[in-house]
Amino acid sequence: MRLDRFLTRHTAHTRNEVKHLLSSKRVTVFGEIEQDSHREISEFTEVALDGDILQQRVAIYLMLHKPSGHLSATHDAQHPTVIDLIDHPLRSELHLAGRLDRASTGLLLLTNDGKWSRKVTQPDEEITKTYRVTLRDPISEDTATIFEQGIYFAYEDLTTRPAQLEILGSHEALLRIHEGRYHQVKRMFHAVGNKVLSLHRESIGLLVLDPDLAPGQSRCLTAQEIAFFGGR
Ligand code: URA
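First residue of the sequence shown? That's 136 in the numbering used here, and the numbers climb one at a time after it.
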């Protein structure tokens with residue numbers, strides 16, 4: 136929202152008074168005097184009037200190396216959740232930018248920035264996710280071609296986007312998909328008569344799981360990593 140609109144919403148001043156507040160340099164944004172009434176203010180922009188903070192909210196972006204056994208949820212009565220693994224003073228504000236099944240491991244993103252997490256998760260954004268999978272049966276030769284052509288999911292009445300399979304061994308492969316349907320990887324292998332025994336997410340777009348993070352550990356994203364998904 137524009138700064139003038141923000142000020143009329145968050146103070147008792149009228150639009151005309153707000154114009155005057157701005158021109159008389161009484162408003163600061165992130166500690167700097169701001170006179171531009173059109174300045175975009177997000178929920179994480181710090182704004183003050185006469186030195187009194189009107190809004191101050193910190194955006195948090197974390198990557199977690201999800202271990203097997205934790206639920207991708209913020210609350211659950213039965214199972215430990217990934218939030219239980221986060222040691223951050225604002226962890227109660229966090230939500231997940233994408234999920235992994237309970238048994239799955241690897242890169243999971245958490246944030247309190249809804250705009251950012253929508254960019255990570257919306258199918259239209261076509262963000263590539265890379266999974267390392269191990270299979271019950273040897274991977275048949277035609278699997279890569281079939282995945283490239285797409286698998287029909289009757290429940291959603293859609294065909295998955297072309298996905299790339301890189302075979303690493305008889306029972307191990309990297310799969311790159313460009314959307315995130317429910318249990319997508321498991322269902323794709325099920326469709327070719329195989330079964331996923333383990334699934335580990337290595338990357339989401341340009342963001343790669345930090346090899347220094349042991350299962351259960353997390354860290355803040357760098358400014359560059361946040362910007363991969365159009366961060367602020
Ligand atoms: N696809 C799955 O089947 N499971 C996951 O956890 C992620 C993608």
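Positions of the beta carbon are idealized from the N, C-alpha and C atoms, including for glycine.
Compute the minimum distance between the beta carbon of residue i and the heavy atoms of the ligand URA, and state whether it is under 6 Å.
| i | result |
| --- | --- |
| H318 | yes |
| S424 | Nothing can be reported for residue 424, as the shown portion of the chain is limited to 136 through 367. |
| L231 | no |
| K321 | yes |
| L235 | yes |
| S338 | no |
| S239 | yes |
Any heavy atom of the ligand NAP closer than 6 Å to the Cβ of residue i?
| i | result |
| --- | --- |
| S333 | With respect to small molecules bound, the structure shown includes the ligand URA and not the ligand NAP. |
If residue i sits next to residue j, beta carbons under 8 Å apart, how far is it from one beta carbon to the other, in whole angstroms?
| i | j | result |
| --- | --- | --- |
| E291 | R316 | 7 Å |
| I262 | G340 | 5 Å |
| R271 | K321 | Not a contact, Cβ separation roughly 11 Å. |
| E181 | F165 | 5 Å |
| R174 | R137 | 7 Å |
| L344 | L245 | Contact doesn't hold; Cβ gap of about 14 Å is too wide. |
| L157 | L184 | The Cβ separation is near 10 Å, so there is no contact. |
For the structure I just gave you, are there three or more beta carbon pairs, one from the region 245-262 and one from the region 228-235, closer than 8 Å?
yes
Would you check if there are 3 or more beta carbon pairs closer than 8 Å linking the region 187-200 to the region 291-309?
no
State whether the region 240-252 contacts the region 302-309, with contact taken as three or more CB pairs (one from each stretch) at a distance under 8 Å.
no
Segments assigned alpha helix (DSSP H), at least 4 residues, entirely inside the region 298-361
319-326
Examine the Cβ distances between the region 257-274 and the region 324-342 and report whether three or more of them are shorter than 8 Å.
yes
Any chance the region 157-169 sits against the region 210-220, with 3 or more Cβ pairs inside 8 Å?
no
Beta strand (DSSP E) runs contained entirely in the region 218-258, provided each spans 3 or more residues
240-246
Scan the region 161-200 and note each continuous beta strand (DSSP E) run of 3 residues or more that stays entirely inside, going in chain order.
162-164, 182-184, 187-190
Entirely enclosed alpha helix (DSSP H) segments - the region 258-287, minimum 4 residues
278-284
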